[in-house]
Amino acid sequence: MSNKIPAATDTSIKARIQRVGGHMAGMVMPNIGAFIAWGLITALFIPKGWIPNETMAALVDPMVKMLLPLLIAYTGGRMVHGHRGGVIGAVATVGIVVGADVPMFLGAMIMGPLAAYLMKLIDKPLESRIKPGFEMLVNNFSAGILGAGLAMLGLWGIGPVISKVTVFLGDQVKWLVEHNLLPLASLIVEPAKVLFLNNAINHGAFTPLGTVESKETGQSILFMIESNPGPGLGLLLAFLFFGPRKLRGSTPAAIAIQFLGGIHEIYFPYVLMKPRLILAVMAGGVTGVATFMITGVGLTSAPAPGSIFAFWLTSPPGNLVGMMTGVVLAAAASFAVAGLLLGFGRKADPADEAVAAVETAPTADTGAAVAIPAPATSPETDADRTEIAAELRVEDISKIVVACDAGMGSSVMLASQLRKQLKDHDVTVEHTPVDAIPADADVIICHEGLAERARSTAPGKPVIPIQVFLGDPAVTSLIATIKKGGVLNV
1 MSNKIPAATD TSIKARIQRV GGHMAGMVMP NIGAFIAWGL ITALFIPKGW
51 IPNETMAALV DPMVKMLLPL LIAYTGGRMV HGHRGGVIGA VATVGIVVGA
101 DVPMFLGAMI MGPLAAYLMK LIDKPLESRI KPGFEMLVNN FSAGILGAGL
151 AMLGLWGIGP VISKVTVFLG DQVKWLVEHN LLPLASLIVE PAKVLFLNNA
201 INHGAFTPLG TVESKETGQS ILFMIESNPG PGLGLLLAFL FFGPRKLRGS
251 TPAAIAIQFL GGIHEIYFPY VLMKPRLILA VMAGGVTGVA TFMITGVGLT
301 SAPAPGSIFA FWLTSPPGNL VGMMTGVVLA AAASFAVAGL LLGFGRKADP
351 ADEAVAAVET APTADTGAAV AIPAPATSPE TDADRTEIAA ELRVEDISKI
401 VVACDAGMGS SVMLASQLRK QLKDHDVTVE HTPVDAIPAD ADVIICHEGL
451 AERARSTAPG KPVIPIQVFL GDPAVTSLIA TIKKGGVLNV
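Residue 351 in UniProt numbering sits at position 351 of the sequence shown, and the numbers go up by one each step.
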């Protein structure tokens with residue numbers, strides 16, 4: 001059998017949307033610590049904070065207007081053209097930040113990557129034309145001239161336009177709130193989350209808009225729409241009591257990881273196994289947002305990850321009761337609908353046979369070849385799977401990469417588990433965003449919903465798609481095969 005794995009030749013609309021959203025979230029997520037620092041300072045020291053302090057509150061404006069946009073711009077530029085792109089992106093973004101009345105997160109997301117891309121276009125032809133000894137001179141002055149020009153352009157032309165767009169988007173959110181329509185956003189957000197667009201929605205849209213609102217009012221409900229841990233908790237509790245027996249054993253750990261740890265991706269596979277359960281998390285999302293609106297609560301900054309502990313830490317004074325009420329009612333609504341759709345455990349579901357087949361798939365006890373079961377929901381045909389099949393000798397595996405949408409959630413958890421299980425073997429395990437898989441990866445593990453993007457990012461690399469993040473037979477087979485030796489069929 002040939003061991004070459006052809007590159008993906010086509011990318012679905014879903015994968016393209018995931019990729020664009022992933023780039024947006026990728027500019028914000030690495031800087032979430034800075035957002036939380038700003039949120040804590042805001043929650044503590046503004047006039048309506050826990051311990052008002054005028055001196056400390058002076059940190060709020062410079063951080064939200066200058067520091068956070070420049071961090072986003074640097075990160076976006078670095079994604080395009082390395083450190084050089086990050087620097088030029090930050091310099092160019094200063095132009096749209098100066099003089100703006102609102103935090104320019106949207107502008108930073110545009111200007112940072114754009115400036116880096118222009119720098120990349122300039123660097124490419126200059127690379128082969130610079131005379132030896134003049135490299136530093138040319139590189140520094142080309143970056144300086146471009147940065148100065150873009151900063152002035154941003155101040156005079158681009159900045160005012162983006163300011164108006166930012167204000168317009170904020171006005172639309174206010175209109176939804178004033179007309180009590182914001183809960184309906186969950187009808188779009190929850191289905192998008194299970195397609196792994198959660199980071200794009202939360203950190204690419206709600207976090208920038210919510211930060212602008214929080215600066216004005218001290219809190220924002222937008223931070224609570226996608227990140228509410230209640231709907232996921234209700235769904236997992238329903239699986240614990242009424243789900244397929246083969247899955248019940250994994251749900252207590254999943255509940256802890258989702259509700260306490262804030263990694264929402266852990267419950268996405270449960271919905272994907274039984275797509276009708278999307279109605280349960282939608283019901284939970286609508287209920288939670290409606291409750292937050294009625295009680296008038298919000299958070300001071302993005303709760304990242306979306307853990308109940310993060311909700312507590314970012315809640316302003318007087319909001320704890322309303323916040324907990326919204327989370328509990330969201331969980332209750334999700335639990336009730338999911339329980340109903342699962343027949344409260346009393347009726348057989350034909351889909352359970354597929355779940356049982358996955359859960360009881362044989363693992364490798366010998367050094368023989370191990371076949372990784374094809375995901376039940378894979379869009380590929382049998383012919384496609386035959387084309388990408390390959391044999392990989394265990395002795396050739398030195399680096400395993402676990403990829404998720406942002407490289408900071410489910411992939412961190414699974415990579416940590418693999419390191420512990422393979423600590424006695426000469427195998428490195430890393431976690432990365434699915435769009436930044438390193439070239440030296442020998443095996444890539446990701447959820448099947450991201451497999452297409454993984455194959456596109458790392459053509460020719462073996463990809464092992466999984467259905468659940470805890471106890472998936474494909475991961476079990478991989479570990480067993482590495483420990484016993486032999487050949488892995490992927």
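Yeah, the Cβ is synthetic: ideal placement off N, Cα and C, and Gly gets one too.
Computed from a prediction, not measured in an experiment: that's the story for all the values here.
Starting from the C-beta of residue i, find all residues in its chain whose C-beta is less than 7 angstroms away, skip the five residues before and the five after it, and write them out in chain order.
| i | result |
| --- | --- |
| residue 34 | 67, 68, 71 |
| residue 84 | 119, 143 |
| residue 345 | 241, 242 |
| residue 323 | 297, 311, 315 |
What do you reckon, are the CB atoms on residue i and residue j nearer than 8 angstroms?
| i | j | result |
| --- | --- | --- |
| residue 144 | residue 219 | no |
| residue 444 | residue 475 | no |
| residue 525 | residue 227 | Outside the displayed range of the chain (1 to 490) lies residue 525, so it cannot be described from this structure. |
| residue 482 | residue 425 | yes |
| residue 166 | residue 102 | yes |
| residue 304 | residue 51 | no |
| residue 284 | residue 331 | yes |
| residue 421 | residue 464 | no |
| residue 270 | residue 235 | yes |
| residue 211 | residue 311 | no |
| residue 327 | residue 280 | no |
| residue 276 | residue 233 | no |
Just reading off the beta strand (DSSP E) that residue i is part of, what are its end residues?
| i | result |
| --- | --- |
| residue 443 | 443-447 |
| residue 64 | Element bounds for residue 64: n/a, residue is neither H nor E. |
| residue 48 | It is not in any beta strand (DSSP E) - residue 48 carries neither H nor E in the DSSP assignment. |
| residue 466 | 463-466 |
| residue 399 | 399-404 |
| residue 433 | 428-433 |
Between which two residues does the alpha helix (DSSP H) holding residue i run?
| i | result |
| --- | --- |
| residue 269 | 268-273 |
| residue 332 | 320-341 |
| residue 452 | 451-457 |
| residue 420 | 410-421 |
| residue 217 | 207-217 |
| residue 282 | 278-295 |
| residue 491 | Absent from the structure is residue 491, since the part of the chain shown begins at 1 and ends at 490. |
| residue 438 | Segment: none, residue 438 is in no alpha helix (DSSP H) and carries neither H nor E. |
| residue 166 | 159-178 |
| residue 246 | 245-248 |
| residue 142 | 135-153 |
| residue 225 | No alpha helix (DSSP H) contains residue 225, which DSSP labels as neither H nor E. |
| residue 312 | 308-313 |
Note down, in chain order, each residue of its chain lying with its Cβ closer than 8 angstroms to the Cβ of residue i, except the 5 sequence neighbours on either side.
| i | result |
| --- | --- |
| residue 191 | 278, 282 |
| residue 447 | 196, 265, 268, 269, 404, 410, 465, 466, 467, 469 |
Please look up how many angstroms separate the CB atoms of residue i and residue j, rounded, as I've assumed it's under 8 angstroms.
| i | j | result |
| --- | --- | --- |
| residue 151 | residue 94 | 5 angstroms |
| residue 451 | residue 430 | Going by Cβ atoms, the distance from residue 451 to residue 430 rounds to 18 angstroms, so no, they are not a contact pair. |
| residue 251 | residue 242 | With 8 angstroms as the limit, residue 251 and residue 242 do not qualify as a contact, their Cβ atoms being about 11 angstroms apart. |
| residue 183 | residue 334 | Wrong, their Cβ atoms sit about 14 angstroms apart, outside the cutoff. |
| residue 64 | residue 215 | 5 angstroms |
| residue 224 | residue 292 | 5 angstroms |
According to the neighbour-count rule (16 or more other Cβ atoms, all chains shown, within 10 Å of its Cβ), is residue i buried or exposed?
| i | result |
| --- | --- |
| residue 360 | Note that residue 360 has pLDDT 43, beneath the 50 cutoff, so the model's placement of it is unreliable and the number below is only indicative. Burial call: exposed. |
| residue 294 | exposed |
| residue 396 | exposed |
| residue 258 | buried |
| residue 317 | exposed |
| residue 178 | exposed |
| residue 320 | exposed |
| residue 20 | exposed |
| residue 387 | With a pLDDT of 40 at residue 387, under the threshold of 50, the modelled position of that residue is not reliable, and the figure given next carries that caveat. Counting Cβ neighbours within 10 Å, residue 387 comes out exposed, since fewer than 16 surround it. |
| residue 159 | buried |
| residue 124 | exposed |
| residue 244 | buried |
| residue 288 | buried |
| residue 368 | Because residue 368 sits at a pLDDT of 36, beneath the cut-off of 50, its placement in the model cannot be relied upon, and the point is left open. |
| residue 187 | exposed |
| residue 461 | buried |
| residue 383 | Because the pLDDT at residue 383 is just 38, under 50, the model does not fix this residue reliably, and the point stays unresolved. |
| residue 273 | buried |
| residue 113 | buried |
| residue 213 | buried |
| residue 140 | exposed |
| residue 38 | buried |
| residue 161 | exposed |
| residue 472 | buried |
| residue 457 | buried |
Give every residue of the same chain whose Cβ lies closer than 6 angstroms to the Cβ of residue i, excluding the five residues on either side of it in the sequence, and list them in chain order.
| i | result |
| --- | --- |
| residue 42 | 60, 300 |
| residue 27 | 72, 75, 76, 109 |
| residue 268 | 194 |
| residue 357 | Confidence at residue 357 is low in this model, with a pLDDT of 46, below 50, so the placement of that residue should be treated as unreliable; the coordinate-derived value is given next. Result list for residue 357: empty, nothing under 6 angstroms. |
| residue 44 | 50, 51 |
| residue 221 | 292, 298 |
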